[in-house]
Amino acid sequence: MATAAPVDMFSWERQLREGGYRCIAGIDEVGRGALAGPLVAAAVVIPTGSNDDPEMTSGWMAIRDSKSIAHRRRATIAKWIHASGAIIGIAAVSHEELDEIGLAAANRCAMERAIRALAEQPDMLLIDAMTLDFDTPQIGIIDGDAQSLSIAAASIVAKVHRDAIMVELDIDYPEYGFARHKGYGVAAHMEALRERGPCPSHRRCFAPVREAVIARGDAQTID
C-alpha cells in the first residue's frame, strides 16, 4: 500500500512570496473548547529568506500542527520559533470576555488582537478555517495548521503560551488539575466540577459549567 506524500507545509507561503507578498502572517487560536481559562491566539510571520536557507528550512520543517506534537517537543519548538527572527504577536480573550461576547466573537477578537500585536503589520493573512474583518488580503485554509507552516507555527506558539497560563492557574486552583488537562473537559475535570462547582476562571457560558452550577444549587453564580 503506497504511503501518502508528505504535505509541503511551505507551499502557501512560497507561492504568495513569488506573487510579491513579503509579510505573510499565519494565525491560529487555542483553547476554544476548554471549560476554563482564556482563549489565546498567535500570529507568526516566518523570516524572509527562510525558504532559501537550508539550515533555516530544516528548523522550520520540524514544525507541524501543535496537536500532533508531544508537550516537551512543542515547548522546545516554540522556543526555537521565538529565537528564529520570526515576527510574533500573541493575544488573549479572558474567560470573562468570552462569557460576555460568546465563543465565536471571542475567537475572532483574539486573532485580530494577535495580528495587531505584530511589530510589523502583514500584507497577507493565512488563517485556520476562517477569515476576519480586516482590509488586509487573507486566505482561510481548512485544516490550516496541517497545511501552512505559518499557521502551524502560530498554533504551537499559542498552545505553549496558553499552557503556561493554565499551569499558573493550577497554583491558585489545584483541585481542578488545570496543569494536567489545561481546562479541557476530561473525566477528572468534570468530576471536580461536579464535586466543587466552578472556580472563578471557569467559563460560565459553557454548558458543562452551567450544569455544574445548577446541580449545586448555586444558580446565582452563573451570571
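Sequential numbering of the sequence shown, starting at 97, is according to this note's numbering.
Backbone N, C-alpha and C define an ideal beta-carbon position, used for all residues, glycine too.
What you are looking at is a predicted structure, and each value in this text was computed from that prediction instead of being measured.
Less than 7 Å between the beta carbons of residue i and residue j, yes or no?
{"i": "A210", "j": "G185", "result": "yes"}
{"i": "R276", "j": "G127", "result": "no"}
{"i": "I120", "j": "M207", "result": "no"}
{"i": "W156", "j": "L222", "result": "no"}
{"i": "A254", "j": "A137", "result": "yes"}
{"i": "V140", "j": "G122", "result": "yes"}
{"i": "R170", "j": "V282", "result": "no"}
{"i": "I183", "j": "L214", "result": "yes"}
State buried or exposed for residue i, treating a residue as buried only when at least 16 other CB atoms are found within 10 Å of its CB.
{"i": "E307", "result": "exposed"}
{"i": "K175", "result": "exposed"}
{"i": "I310", "result": "exposed"}
{"i": "A187", "result": "buried"}
{"i": "E125", "result": "buried"}
{"i": "D224", "result": "buried"}
{"i": "G313", "result": "exposed"}
{"i": "P150", "result": "Confidence at P150 is low in this model, with a pLDDT of 44, below 50, so the placement of that residue is unreliable and no value is reported for it."}
{"i": "G133", "result": "buried"}
{"i": "R299", "result": "buried"}
{"i": "A158", "result": "exposed"}
{"i": "T99", "result": "Its pLDDT being 49, under 50, T99 is placed unreliably by the model, and nothing is read from it."}
{"i": "A201", "result": "exposed"}
{"i": "A303", "result": "exposed"}
{"i": "E279", "result": "Sequence inspection shows Gly at residue 279; the Glu mentioned does not correspond to that position. Per the 10 Å Cβ criterion, buried."}
{"i": "I247", "result": "buried"}
{"i": "A288", "result": "buried"}
{"i": "V103", "result": "exposed"}
{"i": "D319", "result": "Residue confidence for D319 is low, a pLDDT of 42 falling below 50, so the modelled location carries little weight; the figure read from the coordinates is stated next. Burial call: exposed."}
Considering residue i, what are the terminal residues of the alpha helix (DSSP H) in which it resides?
{"i": "D266", "result": "L245 to D268"}
{"i": "I177", "result": "H167 to A179"}
{"i": "I142", "result": "No alpha helix (DSSP H) holds I142; DSSP gives it neither H nor E."}
{"i": "V309", "result": "A303 to A311"}
{"i": "L199", "result": "L199 to R212"}
{"i": "E287", "result": "A283 to R292"}
{"i": "E216", "result": "Neither: E216 is in no alpha helix (DSSP H) and is coded neither H nor E."}
{"i": "S107", "result": "S107 to E114"}
{"i": "A275", "result": "F274 to H277"}
Hey, could you find the ends of the beta strand (DSSP E) residue i is sitting in?
{"i": "E125", "result": "I120 to V126"}
{"i": "L228", "result": "Where L228 is concerned, there is no enclosing beta strand (DSSP E), given that its DSSP letter is neither H nor E."}
Could you name the residues that DSSP lists as bridge partners for residue i?
{"i": "H298", "result": "A132"}
{"i": "A320", "result": "Coverage of the chain is limited to positions 97 through 319, which leaves residue 320 absent and any answer about it impossible."}
{"i": "L221", "result": "A121 and Q234"}
{"i": "I183", "result": "V141"}
- Answer yes if the segment 225-242 comes into contact with the segment 165-173, meaning at least three C-beta pairs across the two stretches below 8 Å, and no otherwise. no
- Task: Spell out a yes or no on whether the segment 194-204 and the segment 102-111 are touching, meaning 3 or more CB-CB pairs, one atom from each, closer than 8 Å.
- Result: no
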